[in-house]
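Structure record follows, encoded as structure tokens.
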């Protein structure tokens, strides 16, 4: 199947800003505007804005929507009050990850789901095939422009653009007077919010956030920021062959809530301990930036696996990465090596996150 | 774009400064701007013989690793330890402190087959 590459509703703004656009998850998206390191630093020290229009939005509603979603997702959606959200995962029957997403309760019987761009069609097909007569599921992905405004001064940027509105608390969601959706979430470890507006209004909002002090940031910085926090990226760190327990995301799997797809495997792995674990590695010395698929080697030279993600951390100025490794090699402090173009570079297992953002004022 | 007239250029964006039989090699201003944020330079071993077009060094940005090719055949006689210690020199001074390696060339006449500044400027325009 040949699929056309999609354009963000904000693309014209990126072109004016001189962004480098690259294909990502079927979308033509900005990877950087000026410099990944500058953009990364802006988010860690002030405020950056990312185009996230490629991400998908589903609306699930109906009298049994909550119970239905609880059968499809790992976290306990019954714990959400109206206006609250949670990180959650959708699994296949074997407990492997189809997608990770954020689910918000926007009404007693209505939920707003934000899913990964690359998985919109697959997620929708999976969910649609399993819904019942009392549930309505709509894919609104094409109707929304999305932006993530992130950094220690994101709250000030919000106040300039919305002097009469109040940001929701962490993981909360609200609708502005103008009909846009604001979620107090992000993928950088910094304070901030994600913002969704009707697609046609996207550029006008983008320009307002820029005028209020947000610096345009591309997917390059988005990746280095999320990896410094140890946040997984579906397709790299999550896959249908790996479970959330193996990925270290057991906290988001509410085994006690009752049955859901994939639960059996998770329960077994939680009891027995997973055989492999997504393990955080950090270089001990200087070296070439670690990247996905580089081999991870034990101290005695045995290849144990490969990096699922890797980057030269702009905050730490050292190589960091994550790899699925046999559990006995995942203990903090275990000496390991990363192979780059035939040479071995010393690394050790560290605790996530790699980088701790400064507490917000 | 800054392409000094006294240098020769390869289609793969390396520049060459020939002095006697020694060719100094780096990457062009255009190349460093495309790569942005050079964070790592892997230098070749001194003494290594290379043919024109051989991957000889690696320059890495946050996002990607790029091979640097030998623009002409020769033997690596010197590498720049400063770009190993401070890779950003490739960005800030690509034709000066950001040089990468020096070759003792096999045949200095081959350098004249590389592009001059005007031809290179046309390639990247």
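Residue numbers (the numbering used here), protein chains in the order written: chain Y, 1 to 361; chain W, 362 to 486.
By construction, the Cβ of each residue, glycine as well, lies at the ideal position given by its N, Cα and C atoms.
Partner residues on chain W for residue i, Cβ-Cβ distance less than 9 Å
{"i": "residue 296 of chain Y", "result": "Going along chain W, no residue has its Cβ under 9 Å from residue 296 of chain Y, so there is no contact; the nearest lies around 18 Å."}
{"i": "residue 314 of chain Y", "result": "398, 400 and 423"}
{"i": "residue 31 of chain Y", "result": "424"}
Burial state of residue i, where buried means 16 or more other Cβ atoms lie within 10 Å
{"i": "residue 18 of chain Y", "result": "exposed"}
{"i": "residue 189 of chain Y", "result": "buried"}
{"i": "residue 127 of chain Y", "result": "buried"}
{"i": "residue 424 of chain W", "result": "buried"}
{"i": "residue 486 of chain W", "result": "exposed"}
{"i": "residue 169 of chain Y", "result": "exposed"}
{"i": "residue 407 of chain W", "result": "exposed"}
{"i": "residue 342 of chain Y", "result": "exposed"}
{"i": "residue 473 of chain W", "result": "exposed"}
{"i": "residue 15 of chain Y", "result": "exposed"}
{"i": "residue 448 of chain W", "result": "buried"}
{"i": "residue 346 of chain Y", "result": "exposed"}
{"i": "residue 397 of chain W", "result": "buried"}
{"i": "residue 166 of chain Y", "result": "exposed"}
{"i": "residue 82 of chain Y", "result": "exposed"}
{"i": "residue 1 of chain Y", "result": "Note that residue 1 of chain Y scores 45 on pLDDT, short of 50, meaning its location in the model is unreliable; the coordinates nonetheless yield the value given after this. Burial call: exposed."}
{"i": "residue 391 of chain W", "result": "buried"}
Proximal residues of chain Y, C-beta to C-beta of residue i below 8 Å
{"i": "residue 403 of chain W", "result": "288 and 341"}
Paired residues, beta bridge with residue i - DSSP
{"i": "residue 369 of chain W", "result": "W/377"}
{"i": "residue 384 of chain W", "result": "W/379 and W/464"}
{"i": "residue 144 of chain Y", "result": "Y/198"}
{"i": "residue 161 of chain Y", "result": "In DSSP, residue 161 of chain Y forms no bridge with anything."}
{"i": "residue 279 of chain Y", "result": "Y/323"}
{"i": "residue 20 of chain Y", "result": "Y/32"}
{"i": "residue 214 of chain Y", "result": "DSSP, once it has assigned bridges, lists no residue as partnering residue 214 of chain Y."}
{"i": "residue 263 of chain Y", "result": "None, per the DSSP bridge assignment."}
{"i": "residue 136 of chain Y", "result": "Y/61"}
{"i": "residue 183 of chain Y", "result": "Y/173 and Y/194"}
{"i": "residue 295 of chain Y", "result": "Y/306"}
Chain-ordered neighbours of residue i on chain W, where CB pairs are closer than 8 Å
{"i": "residue 35 of chain Y", "result": "397 and 398"}
Neighbour list for residue i in chain W, Cβ cutoff strictly below 7 Å
{"i": "residue 311 of chain Y", "result": "423"}
Residue j beta carbon less than 8 Å from that of residue i
{"i": "residue 458 of chain W", "j": "residue 450 of chain W", "result": "yes"}
{"i": "residue 52 of chain Y", "j": "residue 148 of chain Y", "result": "yes"}
{"i": "residue 394 of chain Y", "j": "residue 281 of chain Y", "result": "In this structure chain Y extends from 1 to 361, so residue 394 of chain Y is not present and cannot be described."}
{"i": "residue 362 of chain Y", "j": "residue 87 of chain Y", "result": "Within the shown structure, residues of chain Y are numbered from 1 to 361, placing residue 362 of chain Y beyond reach of any answer."}
{"i": "residue 364 of chain W", "j": "residue 481 of chain W", "result": "yes"}
{"i": "residue 173 of chain Y", "j": "residue 106 of chain Y", "result": "yes"}
{"i": "residue 232 of chain Y", "j": "residue 225 of chain Y", "result": "no"}
{"i": "residue 154 of chain Y", "j": "residue 192 of chain Y", "result": "yes"}
{"i": "residue 368 of chain W", "j": "residue 469 of chain W", "result": "no"}
{"i": "residue 91 of chain Y", "j": "residue 101 of chain Y", "result": "no"}
{"i": "residue 293 of chain Y", "j": "residue 312 of chain Y", "result": "no"}
Against chain W: residues of the stretch 218-234 of chain Y by CB proximity under 8 Å: 220 and 224
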